[in-house]
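**Student:** First to last, the protein sequences are chains A and B. For reference, each letter of the first sequence is one residue, going 0 to 673 in numbering that gives the first Met the number 0. For reference, each letter of the second sequence is one residue, going 0 to 607 in numbering that gives the first Met the number 0. C-beta: ideal position from N, C-alpha, C; glycine also.
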Amino acid sequence: MAAKTHSIFDPTIVVPAIGEAFKKLNPLHMVGNPVMFVTEVGAAITTVLMFTGTEGAPFGFLLQVTLWLWFTVIFANFAEAMAEGRGKAQADSLRKARTQTFGQRLTPSGGLEQVPADQLRKEDVVMVKAGELIPGDGEIIEGAATVDESAITGESAPVVREAGGDRSAVTGGTRVLSDVIKIRITSNPGETFLDRMIGLVEGAKRQKTPNEIALTILLSALTIIFLIVLISLKAYGIYVGVTFSITVLVALLVCLIPTTIGGLLSAIGIAGIDRLVQKNVLAMSGRAVEAAGDVDVLLLDKTGTITLGNRQATAFVPVPGVTEQELAEAAQLSSLADETPEGRSIVVLAKQKYGIRGRELHDMPNATFVPFSAQTRMSGVDYNGQSYRKGAAGAIRDWVGGRLPKEIEEEVESISSNGGTPLVVAMKEKALGVIYLKDIVKGGLSERFERFRAIGIRTVMITGDNALTAAAIAKEAGLDDFLAQAKPEDKLALIRKEQEAGHLVAMTGDGTNDAPALAQADVGVAMNTGTQAAKEAGNMVDLDSNPTKLLEVVEIGKQLLITRGALTTFSIANDVAKYFAIIPAMLLGTFPLIAPLNVMRLQSPTSAILSAVIFNALVIIALIPLALRGVKFRPLGAARILRRNLLIYGLGGILVPFIGIKMIDMIITAVHLA
Amino acid sequence: MNANGWIQLALYVGVLLLITKPLGLYLLRVLDARGKTFLDPIMRPIERLTYKLLCVDPEKEHDWKRYTAAMLIFGFVTMLFTYAILRLQDILPLNPQKMAALSEHLSFNTAASFTTNTNWQSYVGESTMSYFSQMVGLASHNFLSAAVGISIAAALVRGIARHTSKTIGNFWVDLTRVTYYLLLPICVIYAVVLVSQGMIQNFKPYDTVSLTEPFTTQVPKVDDKGNPAVDAQGKPVMEDKKIDSQTIVQGPMASQIAIKMLGTNGGGYTNANAAHPYENPTPLSNFLQILSIFAIPSALTYYLGRMVKNQGHGWAVWSAMFVVFLTGVLVSWHYEAAGNPIMHQLGVDPASGNMEGKEVRFGIFNSALFATITTDASCGAVNSMHDSFTPLGGLVPLLNMELGEIIFGGVGAGLYGMLIFVVLAVFIAGLMVGRTPEFLGKKIEPYDIKMAALVILVLGFSILGFSAWACLSKWGAPDPVTQQLTDGTNNNGPHGFTEILYAYSSCTGNNGSAFGGIGANTPWYNATLGLATLFGRFAMIVPILALAGSLARKKRVASSAGTFPVSGPLFTTLLVGTVLLVGALTFFPALSLGPIIEHFMMHSGKLF
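1) Quick one: is residue 634 of chain A near chain B, going by C-beta distance under 8 Å?
2) For chain B, is any of its Cβ atoms less than 8 Å away from the one on residue 588 of chain A?
3) Is DSSP giving residue 73 of chain B helix, strand or coil here?
4) Taking Cβ-Cβ distances below 9 Å as the criterion, which residues of the segment 494-511 of chain B are in contact with chain A?
5) Can you name the residues of chain A whose CB is closer than 9 Å to the CB of residue 589 of chain B?
6) Within the 8 Å Cβ cut-off, does residue 435 of chain A reach chain B?
7) Going along the chain, which residues of its own chain have a beta-carbon closer than 7 Å to the beta-carbon of residue 565 of chain A, five neighbours each way excluded?
8) List the endpoints of the continuous alpha helix (DSSP H) containing residue 409 of chain A.
9) Return yes when the Cβ of residue 518 of chain A is within less than 8 Å of the Cβ of residue 682 of chain A, no when it is not.
10) At a CB-CB cut-off below 8 Å, which residues of chain A make contact with residue 401 of chain B?
11) Tell me whether residue 548 of chain A is buried or exposed, calling it buried when 16 or more other Cβ atoms sit within 10 Å of its Cβ.
12) Looking at C-beta atoms only, is the number of pairs between the segment 69-77 of chain A and the segment 250-262 of chain A that lie closer than 8 Å three or more?
13) If we cut at 8 Å on Cβ distances, does residue 444 of chain B have a partner in chain A?
14) Using only CA atoms, which one of B/569, B/582, B/449, B/520 lies nearest to residue 458 of chain B?
15) Whole angstroms is fine: what's the gap from residue 679 of chain A's alpha carbon to residue 166 of chain A's?
16) Quick check on the burial criterion: 16 or more other C-beta atoms within 10 angstroms. Buried or exposed for residue 254 of chain B?
17) Beta-carbon within less than 7 Å of residue 185 of chain B's beta-carbon, same chain only, minus the 5 sequence neighbours each way: which residues are those?
18) Does the segment 388-397 of chain B come close enough to the segment 278-285 of chain B to have 3 or more Cβ pairs within less than 8 Å?
19) Among A/139, A/428, A/120, which one has its Cα closest to the Cα of residue 126 of chain A?
20) At least one CB of chain B closer than 8 Å to the CB of residue 369 of chain A: is that the case?
21) List in chain order: all unbroken alpha helix (DSSP H) runs of 4+ residues lying wholly within the segment 327-378 of chain B.
22) Considering only their Cβ atoms, is the gap separating residue 461 of chain B from residue 497 of chain B smaller than 8 Å?
23) With distances taken Cα to Cα, identify the nearest neighbour of residue 363 of chain A among A/381, A/219, A/352.
24) Using a Cβ-Cβ distance cut-off of 8 Å, determine whether residue 249 of chain A contacts chain B.
25) Mind pulling the beta strand (DSSP E) runs of 3 or more residues that sit fully within the segment 358-389 of chain A?
26) Residues of chain B with CB closer than 8 Å to the CB of residue 289 of chain A, please, in chain order.
27) Are residue 222 of chain A and residue 33 of chain A closer than 8 Å when you measure CB to CB?
28) Can a CB atom of chain B be found closer than 8 Å to the CB of residue 454 of chain A?
29) Do we get a CB-CB distance below 8 Å when we pair residue 487 of chain B with the residues of chain A?
30) Should residue 412 of chain B be flagged as near chain A, meaning a C-beta pair shorter than 8 Å?
31) From the DSSP output, which residues share a beta bridge with residue 453 of chain A?
32) Report the three-state DSSP secondary structure of residue 16 of chain A (helix, strand or coil).
33) Of the residues A/248, A/273, A/20, which one's Cα is nearest the Cα of residue 577 of chain A?
34) Report back the beta-carbon spacing between residue 581 of chain A and residue 587 of chain A to the nearest angstrom; my notes put them in contact at under 8 Å.
35) Would a C-beta distance cut-off of 8 Å place residue 140 of chain B and residue 555 of chain B closer than the cut-off?
36) Over what stretch of residues does the alpha helix (DSSP H) that includes residue 397 of chain A continue unbroken?
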């Protein structure tokens, strides 16, 4: 899926949205939005009253008010349809990744049968050969293959996927380029990640988030209050001796109830998810996007997120009595079976700097390789009766019996404090020296973390390195805190600890052992390259598998909430001017003395009422771009953001309609509409 | 608006600020079941005995439902108690004037009104109530309804301050401690001080004195059965009556006035309330009375700050209250000082301002100040007649009540009402900092908004709804055809409407002050006004306690630079803005039909 952004006025979206806006007038649809439903009912009432002749006002005036009331509803529907249309455009490109395919399903008898992809169920097992499309989301249970995932990620380089480990997940719609793999399907049709995402961006299956529900409750309460205000006003009029026409009362009602935010609320929500999709991140729910805005602790894996991922061996530092050559050889032997980039860099360094030729594994039939494990934190080889090991200082210290030579301890400390990673090499339970591995920190991170500090978000680096190494890297990258020598379970413990202290935590992860932490975190972004377990546990998936993107996710979450708040404030603040437009107009007929209250000096009662109604409708259209694009997010502290937004949307919300209504009044007077 | 007024205003605000912190700190001890006070040696044994009699375990706290149930039961029982006393007044003791029992509807209205801390009075105190009714039936409520209000505020503050807690306190403990450690001790001293100023405190029958200048007036003629006589056209027949003597009220006044002001009750001993020379004898007594109205509400904001460990928040709330208060005083004072142009044309010195309905001893400034304070707080005592204020001068008290009595407000009630606006302000503007809104670390969720919205709805519904009914009903308004006034209002047009709106605003806001003009002692007005007081009190407290329970249960989110700030001038501005936009705008259409039209009409020469 290409991260395509659509122009606000893309006709392929605008034109169908106009049609949708009318279709959405169906009251059954409108009931979900109490503010706009009341507006629609009001419009229906004034439509009928146009013809009863009981309103005591010229037909042209009644007609115009009625039309603008309908426009108010239609404009709100249009906003929603626009957001949905843009979402649909995203969904369509997502759908392309899911063209109709067939899968070779393994039958219980062991044979294969051709099954359309949409009939595959959870736990089905399929065989996929080179050149075929993977029929559904699943996990490789046998084999390894290179897979072209460009349809999903836009990244053209193929990636390796293999059974076991952390790279076993495959996505439906991607293409196997080599080898044959057996895949266990992990989701039923219609429940795949893509399906859920499509439902979300199209808005159809979008559930309101708790915050939207709370806001809807408040808007409904305001609507009810204004209904009471208007109905009672009719009664007061009778007592005082003023007759208010129903049409004017309805016009005042629609102007006072928060139609601006009521009309744009769902568009804002859809647009927020849409922006996330544009960044190639799929969210499981709108709630997850809002939670991203609330997060105040980011747990960032060092590798891949903060550093470029590969530490490089740059030097061998032997203990006295051991030559560099001997150390290099032992280091090379202990790394032969180590396929990690670090391991390979040790072999490379040994070869380049010390001329130790690369040994081939099959030349060493009697060698027993000891792979790295998270528990021992060592790897190595038993060869020719000798044991070679390399690993973190602590691990080797345990292995050699609890003590390391003083020189090694000093060297380890010095490398660590310089931000490097020391690996201690030992042979036959004797420490030989230290390998100096260096991390390369990604560019531009510290400015970014600075932005987050300003808005009160703490960044914590998680690393398996020792505390000194971690501290040096954290300092270089500008992080607030770090968790060193972290085992996978430490991550979960840290999240719990932060949450107990009242923090909301976001993290990225890809491995199966990240799953519990991803599930525990308030926002867990799983890498698309990660395991199925990780993807299930998180509430977002990054299709690009770029852990740094967590930062953008947080910004999008904040932007969504700010937009919603800004337009709510604007909408409520607008009421002041509308009062000053309509109330004097309603009373002027009976009490001409009240003219000074007409502070905007609007031409006539009819033009005043009409101007307010027109402004109220047009402001929805005017704010659609803002609702869809979102208010610009600025990395400032809460107090400064609040001051800024209160000035723009609060004070602005009070002043803008005074100007707008006055201008509309001048225009409609000039063209003799009122 | 003269220097004298400005100095008095500064003095008032200065003294109020001075007592806020010490009284707030004292409240912290009183509202803590284990708090120690200097009164412990005297009060502890009585407190313990009270718990024993009530079968209350003071160590046990309750969740919001039990707290609410206790409050409702207490309210119902005490209301019934007062109703019974009023109905049986003629056979109860301490009745030297041989006052008759009250009617059903007046008893209901009065019992509801005093139970809810409203103290709306559809009766004339000195000619209706026996000493027993005043002291046992009414003054007891002055203490207890005030204590209930403070208890509810404390429960809400606890809900905000606590986290992951099921309980919000023990109603009986709060009620007992507030009464014993706060209200009673202060009132004992306060009453003595008032007596020193010339206020009466006795059980003597009323005095009768001869007038030095007897006069004749017209009164409605009454037939043998006591019914008003009417002529052929149905108009009441008037007859001359010579007045040569005056009855002067006596009784236990100081003891009742102390709690009437301190507990923001406001129910006058006499009909003239704090304009009566006995009920407000000197400038000092006037100053102490308005000071005691704001004393506890102001101190409660300090208590809030202490409890939530954010004194800045407490002061921000105080400042928001103060800003609206100051604006009200200045507007009211300005228009009262400016006076009535029609009077000026008739030769009244414009410099004297609008003295109609004002006690000469207090003058323009102290009347405007008193009127603003008494309606900011849900006190309702008056030292001038609000009905006679200029339209905009009188709009201030009216709007104050319609905001929900949150500008310092009734004891307790002001704080819990204002905190609802705080929740709304935080919710609306909180989003703008890019997080789901949180108030002092508590996420504001749909349930909380539902409760807060319910409070605002009840306020609007009761004030606007009852007023609308009164405008349309034959019991509330003049006959639309003949323009004959039935037993409802005495005025029609905008001023009559203002009187109706004022009555329901006053009762729903649990204020109790009257604009006058309405003959409210009718079955219909007594019933609806009584209901309005009950709505305004209990229909609001229940969602507020539900909110307290919900907030107490929540986990607390840690604060950071990204947290919505609830202190400082910015927050104060936001809070004032929310109060005005969400609160005041609701009533603007109604106000424009009343005082605002009146204002413009007065300037073009028409009065009501």
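**Tutor:** A quick look at the data gives this:
1) The residue given as residue 634 of chain A occupies position 635 in the first sequence. Closer than 8 Å: no.
2) What you label residue 588 of chain A is simply residue 589 of the first sequence in a count that begins at 1. It does not: the Cβ of residue 588 of chain A has no partner Cβ on chain B nearer than 8 Å.
3) Start at 1 with the first residue of the second sequence, and residue 73 of chain B comes out as number 74. Residue state, collapsed to three classes: helix.
4) 495, 496, 499, 500
5) Stepping through the second sequence from its first residue, residue 589 of chain B is reached at position 590. Chain A residues near residue 589 of chain B: 228, 231, 232, 235.
6) The sequence position of residue 435 of chain A within the first sequence is 436, counting from 1. No, residue 435 of chain A does not count as interfacial toward chain B.
7) Within the first sequence, residue 565 of chain A is the residue found at index 566, counting from 1. Here residue 565 of chain A has 630, 644, 648 as same chain residues with Cβ atoms under 7 Å from its own Cβ, once five neighbours each way along the sequence are excluded.
8) As a working mapping, residue 409 of chain A is identified with position 410 in the first sequence. First-last of the alpha helix (DSSP H) with residue 409 of chain A: 405-416.
9) Residue 682 of chain A lies beyond the range of chain A shown here (0 to 673); nothing can be said about it.
10) On the second sequence, residue 401 of chain B is found 402 positions in, with the first residue counted as 1. Per Cβ cutoff of 8 Å: no residues; residue 401 of chain B is ~12 Å from chain A at best.
11) Along the first sequence, one-based indexing puts residue 548 of chain A at 549. That one is buried.
12) With contact defined as three or more Cβ pairs closer than 8 Å, the segment 69-77 of chain A and the segment 250-262 of chain A are in contact.
13) Along the second sequence, read from residue 1 onward, the residue named residue 444 of chain B stands at position 445. Residue 444 of chain B counts as touching chain A.
14) Stepping through the second sequence from its first residue, residue 458 of chain B is reached at position 459. If we check each option's Cα against that of residue 458 of chain B, B/582 comes out closest.
15) With chain A running from 0 to 673 in the structure shown, residue 679 of chain A is simply not present.
16) Along the second sequence, one-based indexing puts residue 254 of chain B at 255. So residue 254 of chain B ends up on the buried side.
17) Within the second sequence, the letter at position 186 stands for residue 185 of chain B. Cβ within range, chain order: 261.
18) no
19) By 1-based counting over the first sequence, the position of residue 126 of chain A is 127. Among A/139, A/428, A/120, the Cα nearest to that of residue 126 of chain A is on A/139.
20) The residue you call residue 369 of chain A lines up with position 370 of the first sequence. So no, residue 369 of chain A is outside the interface.
21) 340-344, 362-375
22) Start at 1 with the first residue of the second sequence, and residue 497 of chain B comes out as number 498. Start at 1 with the first residue of the second sequence, and residue 461 of chain B comes out as number 462. It is not a contact, given that the beta carbons lie outside the stated cut-off.
23) The count along the first sequence starts at 1 and reaches residue 363 of chain A at position 364. Measuring from the Cα of residue 363 of chain A, the nearest candidate turns out to be A/381.
24) Start at 1 with the first residue of the first sequence, and residue 249 of chain A comes out as number 250. By this cut-off, residue 249 of chain A is not an interface position.
25) 367-369, 377-382
26) Along the first sequence, one-based indexing puts residue 289 of chain A at 290. Within chain B, the residues near residue 289 of chain A are 435.
27) In the first sequence, residue 222 of chain A corresponds to position 223, counting from 1. In the first sequence, residue 33 of chain A corresponds to position 34, counting from 1. Taking C-beta atoms as the reference points, residue 222 of chain A and residue 33 of chain A count as a pair closer than 8 Å.
28) On the first sequence, position 455 is the one that residue 454 of chain A refers to. So yes, residue 454 of chain A belongs to the interface.
29) Here residue 487 of chain B is taken as the residue at index 488 of the second sequence, counted from 1. Annotation note: pLDDT 49 at residue 487 of chain B (below 50); position unreliable, no value reported.
30) On the second sequence, residue 412 of chain B is found 413 positions in, with the first residue counted as 1. No - not a single Cβ of chain A is within 8 Å of the one on residue 412 of chain B.
31) For this step, residue 453 of chain A is matched to residue 454 along the first sequence. Its beta-bridge partners do not exist; DSSP assigns none.
32) In the first sequence, residue 16 of chain A corresponds to position 17, counting from 1. Three-state DSSP puts residue 16 of chain A in a helix.
33) One-based indexing of the first sequence puts residue 577 of chain A at position 578. Of A/248, A/273, A/20, the residue nearest in Cα terms is A/248.
34) Along the first sequence, read from residue 1 onward, the residue named residue 581 of chain A stands at position 582. Along the first sequence, read from residue 1 onward, the residue named residue 587 of chain A stands at position 588. About 11 Å; that fails the 8 Å criterion.
35) In the second sequence, residue 140 of chain B corresponds to position 141, counting from 1. In the second sequence, residue 555 of chain B corresponds to position 556, counting from 1. No; because the gap between Cβ atoms is not below 8 Å, this pair is not in contact.
36) Counted from its first residue, the first sequence places residue 397 of chain A at position 398. First-last of the alpha helix (DSSP H) with residue 397 of chain A: 392-398.
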